[in-house]
Every structure is written in C-alpha cells, then in structure tokens.
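Enquirer: Okay, here's the structure, questions in a sec.
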Amino acid sequence: MSSNLKTMKLTAILSGCLLIATFAICLNKSYGWFNIKWLSNDFLLTIFGGLFASTLVVLICEWQKYFFNKRGVEDFLWNNTINLYAKVLIMKNSVDKELVAPERRINLSMLDECSNIAKHILSSGYYVDYSTICKKQSLSVALKEFYLKKPLLERIVGDCDCLKIAGINDEINGLTKNPLQNYKVTNKDPETFKALTILSNNFIKAIGIIEWLLAKIDYSGRYNWQDSNKSIKENYNQIFKDFSYEDFLKQYKK
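In this text, residue positions in the sequence shown follow my numbering: the first is 855, and each later residue adds one.
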C-alpha cells in the first residue's frame, strides 16, 4: 500500500502540473499572449492535453488499486485476529472448566494445540503494509498501539507451557510423599490449580486486547463485529458446558 500512495502522490502532482499547463495553453490560444511561429498552440494543446489525460487515467487506476489492497489487508487482519480470538477463547473456557470442575485427573497438554496456533498467528500474522492516505485513520493508529501490546499477548500465550511445569511439580511432590504410589495430577493440586487461575486471568486480558483490535478493524461495520462477537461467545459457552455420559445417552435414546 505504501508504494500505491507514493505513485498516487507523484501522479497527482504531475497531473496537476499538466492541467495547469493545458489550461494556460488554452488561454494563450484564446488571447494570443505568446505567439511562436514554429510551435503552434494546437500542437502544444494536443501534447499536454494527452499527457494530462494519460496521467489522470494512471491516477484513477492507482486509486482503485489502493482501495483494493486496503480491503485485502483488512480482510487478512480480520481473519488472523478472529482466529486468534477463537483460540484464546477456547483456552480460556478449557481452563475455567477445570477450575470449577470436581477433582479429576487433568490433561496437562490441553492447551498445546491452540497455544501453538496462537503463537504462529502472533509471530507472522501482523507484518502487513497498511499505509493509508490519512495517517490518523482509526485502524492505522490502532495497529501502532497493537504492536506495543503484542509482546504481552505473546507472553500470555507462551505462559501456557507453565501448566505442564506446575503439573510436574505437583507430581514430584506427590511422589515424594508416597514414592510407591502411581501419582496422577488433578485439577485441584496446589501448583496446577494456581497455574490454571493465573492463566484464566491472563486470558481475560488477552481477550480484552483482541476484542479491542477486532472492533478497530471493523471500523466500517463490514464484518458485523458486535453481533458476531455475541454469537461466538454463546456458541463456545454451549460447547464447553458440562456434558455428562448420561446426556450423551439421552441424545440417542429411542
């Protein structure tokens, strides 16, 4: 987009100069201010008028290309950010489910898949050329602010690995107390429960930042963020609500 803007500025300046020159030749032709025998006004008018028309066509094409690229970058940002939002929301709901559930064995790798995808999005999904005509355009300003907040998101997502460390510490403590026992880490073990609590609070911060960015990307209302946000949260809450084996049997009961 930055190359589009440079070409547009250069073409606009050139078009303006050619327009002034063409207008001056028209006035000279009408009032006869300068008469050059070997260079007629009609010839100059044809040359400068043709050049002005050509640069004007180039300017219009570059203008159209600029808006096409601008929309493409915004779509790219939206798709990456909504995907990041979904992964963080999944991790948040998974952690919250373990916090309120009765004591049971916990899968210490439950955040691995989503956290890896989130890390990939944060590392490569926001290096875009989003240069706008107006430097104070809302999304352009928001992206600069987001780049300052991105390290916090990367740290929060990276901290998901600490759940495994907490689980290993609880397992070591359990085996220390009873070496002969085949110790299984549960969601109520102290280190694990503490890690789950910290992660849940961190995910709340991450969700707030991502929701703020999504609202900025949808500055024109093209993505209908307000309605889609409500729908996303309702769907994920429905997915992660407690679902027992008895509920499963009831679904297929004849």
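Quick reminder that beta carbons are idealized off the backbone N, C-alpha and C, glycines included.
(1) Grouping DSSP H, G and I as helix and E and B as strand, with all else coil, what is threonine 810?
(2) Reducing DSSP to helix, strand and coil, say where arginine 925 ends up.
(3) Can you find at least 3 beta carbon pairs, one from the stretch 943-959 and one from the stretch 897-916, that sit closer than 8 Å?
(4) Just checking my contact of lysine 1038 with valine 1011 at CB under 8 Å: how many whole Å lie between their CB atoms?
(5) Could you check whether the stretch 1045-1056 touches the stretch 1016-1024, counting it as contact only if at least three pairs of C-beta atoms, one from each stretch, sit closer than 8 Å?
(6) Per DSSP, which residues does arginine 959 bridge with? Please list them.
(7) Rank Ala907, Ser978, Gly1021 by C-alpha distance to the C-alpha of asparagine 933 and give the top, closest one.
(8) Below 8 Å CB to CB, which residues in the same chain sit around serine 992 once its five sequence neighbours on both sides are set aside?
(9) So, is glycine 968 buried or exposed, given that buried needs 16 or more other C-beta atoms within 10 angstroms?
(10) Could you check which residue in Lys1003, Leu1006, Asp1043, Arg1076 has the C-alpha nearest to that of isoleucine 1022?
(11) Using alpha carbons as the reference points, say which of Asp983, Asn947, Arg958, Met945 lies closest to leucine 859.
(12) May I ask you to report which of helix, strand or coil DSSP gives isoleucine 1072?
(13) Can you tell me which of the three DSSP states glutamine 1035 falls into?
Expert: Quick look at the numbers:
(1) Any property of residue 810 remains undetermined from this structure, which presents the chain solely from 855 to 1108.
(2) Here arginine 925 sits in helix by DSSP.
(3) With the cut-off at 8 Å, the stretch 943-959 and the stretch 897-916 do not touch.
(4) Contact doesn't hold; Cβ gap of about 27 Å is too wide.
(5) Touching, per the Cβ criterion.
(6) Paired residue(s): Thr1040.
(7) Out of Ala907, Ser978, Gly1021, the CA that lies nearest to the CA of asparagine 933 is found in Ser978.
(8) Answer for serine 992: Lys1070, Tyr1073, listed in chain order.
(9) The sequence given here places cysteine at residue 968; glycine does not occur at that position. Cysteine 968 should be labelled buried.
(10) Closest option to isoleucine 1022, Cα to Cα, is Asp1043.
(11) Comparing Cα positions, the closest option is Asp983.
(12) Inspection of the sequence shows that residue 1072 is occupied by aspartate rather than by isoleucine. DSSP, read as helix, strand or coil, puts aspartate 1072 in coil.
(13) It is coil, neither helix nor strand.
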